[in-house]
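Number of protein chains: 2
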Amino acid sequence: MRNRSVTYSSEATFQALADPTRRAVLDLLRRGSQPAGEIAGAFPVSRPAISKHLRLLRRAHLVREHREGRNRVYQLNPEPLRAVDSWLDQYRNFWKMNLNSLKTFVEAEHAKEISQHHIAKPKTSKGDH
Amino acid sequence: MRNRSVTYSSEATFQALADPTRRAVLDLLRRGSQPAGEIAGAFPVSRPAISKHLRLLRRAHLVREHREGRNRVYQLNPEPLRAVDSWLDQYRNFWKMNLNSLKTFVEAEHAKEISQHHIAKPKTSKGDH
DNA sequence: ATAATGCGTAACCGTACAGTTACGCGACTC
DNA sequence: GAGTCGCGTAACTGTACGGTTACGCATTAT
């Protein structure tokens, strides 16, 4: 449970990531920082629309903004994505399990087949509930 | 670009994950499949509200539903989370980079300081743009 | 000083959606 | 068959938000 200087609300993060345009902005920003205008230029929506998206991304700390003359340059901040990664972590074993489920199943069947001489199956654990 | 039998729209997935209640439902379902009623019982909102959340999760293929008598049992399907994991992958190197950014920066400054005898700074490389 | 640029914000739509209550329907119980 | 349980859905409300246009405010250019 390492506590970095700032604790990012994964709530805001997920919320910010929910919009495809915002994810695209992040993808764009991976190539390098850009002023708001150029970001807006990359999308088929109006500049104010992007401005609002950027505000949301700012609130989620997914981007950082600093002025440069009359430009506002936006920079990616991948830090909060770490929280998403951690959250995902709880499910990773889970889908690895599923990855091997067929294999495991087959092996289990195989093992059963081998040792299946006089052992009565107790009841088949009826799902995972 | 592996194409599994089903292609999950990461759009629907992110959308589904955007709500805290829905993420909580998934977290709950990690412990095992449950009928809708029990899921609803675990939250301070009405049963129909949960029912709608479950519908969204179903659409995103994050849960699977099957009837069992007069119950509808919901089961976690972690598959679509893989897509999220892949998406995140593009940022993983990035935040590893940032881990070392301070170190790198300090080292760079140090190097500059050493060689900085008669070199006029052209204009300060102006961010990372 | 004046004009033009770059951006954010306000004001205003339309739509999505979280939540509620009322209702309906299939599935077990007696 | 009548009652009840489990659960989805319809109908409705409040709110968030994506998009637009109009506007305002700095900063640079003339």
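Chains A and B are the protein sequences, given in the same order.
Note that the working numbering has the first sequence beginning at 1, numbered continuously upward.
Note that the working numbering has the second sequence beginning at 1001, numbered continuously upward.
Positions of the beta carbon are idealized from the N, C-alpha and C atoms, including for glycine.
Between Val1063(B) and Leu1054(B) the beta-carbon gap is near 7 Å, inside 8 Å, which marks them as a contact. Fewer than three Cβ pairs drawn from the stretch 1033 to 1047 of chain B and the stretch 35 to 43 of chain A lie within less than 8 Å of each other, which leaves the two stretches out of contact. By the neighbour-count criterion, in which a residue is buried when 16 or more other Cβ atoms sit within 10 angstroms of its Cβ, Ser1033(B) is buried. Against Phe43(A), chain B offers no close residue; the least beta-carbon distance is about 16 Å (beta-carbon pairs closer than 8 Å). The beta carbon of Leu76(A) sits closer than 7 Å to those of Leu26, Leu29, Arg30 and Val63, all from its chain and outside the five residues before and after it, given in chain order. Distances from the CA of Thr1021(B) to each of Pro1035(B), Tyr1008(B), Glu1079(B) and Ile1050(B) were compared; the closest alpha carbon is that of Ile1050(B). Inclusion of Tyr91(A) and Pro1078(B) in the CB contact set at 8 Å is warranted, their separation being smaller than that value. About 6 Å separates the beta carbons of Leu1088(B) and Asp85(A), which is inside the 8 Å limit, making them a contact pair. Approximately 5 Å separates the beta-carbon atoms of Glu65(A) and Tyr74(A); this is inside 8 Å, confirming the contact.
Using a Cβ distance threshold of 8 Å, Ala1012(B) and Arg1058(B) do not count as a contacting pair.
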